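Here's the structure we're looking at; comments come further down.
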Amino acid sequence: IKWSEGKGWHDAQLEPYAPLRMDPANMTLHYGQSIFEGLKAYRQTDGSVALFRPDANAQRFQRSARRLAMPELPVEAFIEACELLVRQDRSWVPGVGEESLYLRPFMFASEVGLGVKPANEYLFMVIASPAGAYFPGGIKPVSVWLSEEYTRAAPGGTGEAKCAGNYAASLVAQAEAAQQGCDQVVWLDAVEHRYVEEMGGMNLYFVQGSGADARIVTPRLTGTLLPGITRHSLLTIAEDLGYATGEVQLSTEDWQRGNADGSISEVFACGTAAVITPVGTVKSARAQWTVGDGEPGELTRKLRETLLALQSGSIEDRHGWLHRVG
Ligand code: PMP
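Each residue of the sequence shown is one higher than the one before, starting from 42 at the first, in full-length UniProt numbering.
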């Protein structure tokens, strides 16, 4: 779908996948007005196909657009574009289970010109790719590196938006994590470099206490971390399961201390791609520790199974999160 000043959204088209021709002076290449989303179509136990919370993605896309001075795509147009692509060939959606069809809606400036200003022309597109199970051999905890040198987002910046530049800025820290032998980077706040924010492409959760008294908490949305849709779904699911939940400010010292005295029993990350990933070991320039016994915790497994069951329609969709593709 195209957008241009004066004309608004127009020319929605379904086209075969093909390379784009780009003018070397395309404004996105120079000034980075580029935002995206990620959501999945899941095969339901009754054979139908459903998108999981596409309205939440559409709304986040609008917020990202506002932050990047881009036009807002109506929620219905966003969902319709996703549906159109899935409907084109439903056989791309794998069978019930962890496999899915990943959809990538995105928008970028398509105007040609040099000069820093919001562009007058944009292109919104959706592409799709089958996504396998993230852990084909069973869930495996990841190791994380606490990034104390680099920050992902600063107050007043674009941390809350899902824009391409945030990911470009994070690559060097991800490379540092890999050099340290870790799978993922954990971002801390930009001011004190103390408070845990999120992971490279996932939000974080901590289980305080254990058993029926467990409290499931996640870092508060400060404006510098991405409000993940999985994060929001899990707060709701944990409450539905009868657990206490909370949005907290948690420092790396709190984490290390809580780990040592057992008050933090499990830690996991969550996002559309990996659903739920347990965190096994934590490393920083000054310390290193293992979360629990380094194995996926009981609540981590339970929440993961509940979310997967919900996404495939095998348990009741109490919150109307499944959007059937008719
Ligand atoms: N944080 C970041 C930086 C991400 O890129 C993602 C993936 N979109 C998430 C968190 C998780 O968000 P969601 O649950 O909406 O996939």
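Note that beta-carbon positions come from the ideal geometry of N, C-alpha and C, so glycine has one too. None of these values were measured; they are calculated from a predicted model.
Give the C-beta separation of residue i and residue j to the nearest angstrom, bearing in mind that I take them to be a contact with Cβ-Cβ under 8 Å.
i: Val308; j: Leu245; result: 7 Å
i: Pro60; j: Leu80; result: Actually they are not in contact, since the Cβ atoms of Pro60 and Leu80 sit about 24 Å apart, beyond 8 Å.
i: Thr259; j: Glu217; result: At roughly 24 Å, the Cβ-Cβ gap does not stay under 8 Å, so Thr259 and Glu217 are not in contact.
i: Pro146; j: Ala122; result: 7 Å
i: Tyr191; j: Val213; result: 6 Å
i: Leu340; j: Ala255; result: 6 Å
i: Thr265; j: Ala315; result: Not really, about 22 Å apart at Cβ, beyond 8 Å.
i: Gln249; j: Ser304; result: 6 Å
i: Met243; j: Thr318; result: 7 Å
Can you have a look at residue i and say buried or exposed, based on whether 16 or more other CB atoms are within 10 angstroms of its CB?
i: Val232; result: exposed
i: Gly200; result: buried
i: Pro54; result: Note on residue identity: the sequence assigns Gln, not Pro, to residue 54. Exposed: under 16 other Cβ atoms inside 10 Å.
i: Thr86; result: exposed
i: Leu109; result: buried
i: Gln329; result: exposed
i: Arg272; result: buried
i: Gly173; result: exposed
i: Ala279; result: buried
i: Gly241; result: buried
i: Ala219; result: exposed
i: Leu229; result: buried
i: Glu124; result: buried
i: Pro177; result: exposed
i: Gly338; result: buried
i: residue 396; result: No information on residue 396 is available, as it lies outside the stretch 42 to 367 that the chain covers here.
i: Pro112; result: buried
I need the straight-line Cα distance from residue i to residue j, nearest angstrom please.
i: Trp365; j: Asp52; result: Reading off the sequence shown, one finds Arg at residue 365, where the question assumed Trp. Each residue's alpha carbon lies about 25 Å from the other.
i: residue 389; j: Phe77; result: With the chain covering 42 to 367 only, the question about residue 389 has no answer from this structure.
i: Ser353; j: Tyr83; result: 6 Å
i: Lys203; j: Thr69; result: 15 Å
i: Trp50; j: Ile120; result: 15 Å
i: Asp64; j: Val227; result: 37 Å
i: Ile180; j: Val320; result: 11 Å
i: Arg359; j: Cys311; result: 21 Å
i: Leu276; j: Leu351; result: 14 Å
i: Leu137; j: Phe165; result: First, the amino acid is wrong: residue 137 is Val here, not Leu. Roughly 30 Å separates the two Cα atoms.
i: Leu126; j: Ser141; result: 14 Å
i: Lys324; j: Gln103; result: 36 Å
i: Ser274; j: Trp362; result: 9 Å
i: Ala169; j: Leu144; result: 4 Å
i: Ala326; j: Lys48; result: 53 Å
i: Glu336; j: Thr322; result: 10 Å
i: Ile356; j: Arg107; result: 36 Å
i: Glu189; j: Arg235; result: 8 Å
i: Asp295; j: Ala285; result: 19 Å
i: Leu155; j: Asp302; result: 57 Å
i: Asp281; j: Ser306; result: 21 Å
i: Glu162; j: Ser251; result: 53 Å
i: Gln290; j: Gly283; result: 22 Å
i: Pro196; j: Val90; result: 40 Å
Candidates the options: which alpha carbon is nearest residue i's?
i: Thr313; options: Tyr175, Val323 and Ala210; result: Tyr175
i: Gly299; options: Pro337, Lys43, Thr69 and Val332; result: Val332
i: Ser151; options: Pro260, Ala66, Glu124 and Thr277; result: Ala66
i: Pro268; options: Ser105, Tyr58 and Glu113; result: Ser105
i: Arg261; options: Phe247, Gly252, Ala253 and Ser251; result: Phe247
i: Ser45; options: Ala301, Arg62 and Leu114; result: Leu114
i: Phe57; options: Gln129, Asp334, Met111 and His71; result: Here residue 57 is Pro; the residue named in the question, Phe, does not match the sequence. Pro57 has its Cα closest to that of Gln129, out of Gln129, Asp334, Met111 and His71.
i: Asp224; options: Ile305, Leu291 and Val185; result: Val185
i: Gly222; options: Leu187, Gly252 and Glu139; result: Leu187
i: Leu92; options: Ile270, Leu291 and Gln297; result: Ile270
i: Pro159; options: Ser306, Lys43 and Ser75; result: Ser75
i: Gly198; options: Ser251, Thr263, Leu282 and His71; result: Thr263
i: Pro171; options: Phe149, Ile257, Asn161 and Glu139; result: Glu139
i: His71; options: Phe149, Gly88 and Gly252; result: Phe149
Is there at least one Cβ from chain D nearer than 8 Å to residue i's Cβ?
i: Trp296; result: Any reference to chain D falls outside this structure, which holds one protein chain only.
Quiz item: Is the segment 338-357 close to the segment 203-213, with three or more CB pairs under 8 Å?
Solution: no
Quiz item: Looking at C-beta atoms only, is the number of pairs between the segment 95-104 and the segment 129-143 that lie closer than 8 Å three or more?
Solution: no
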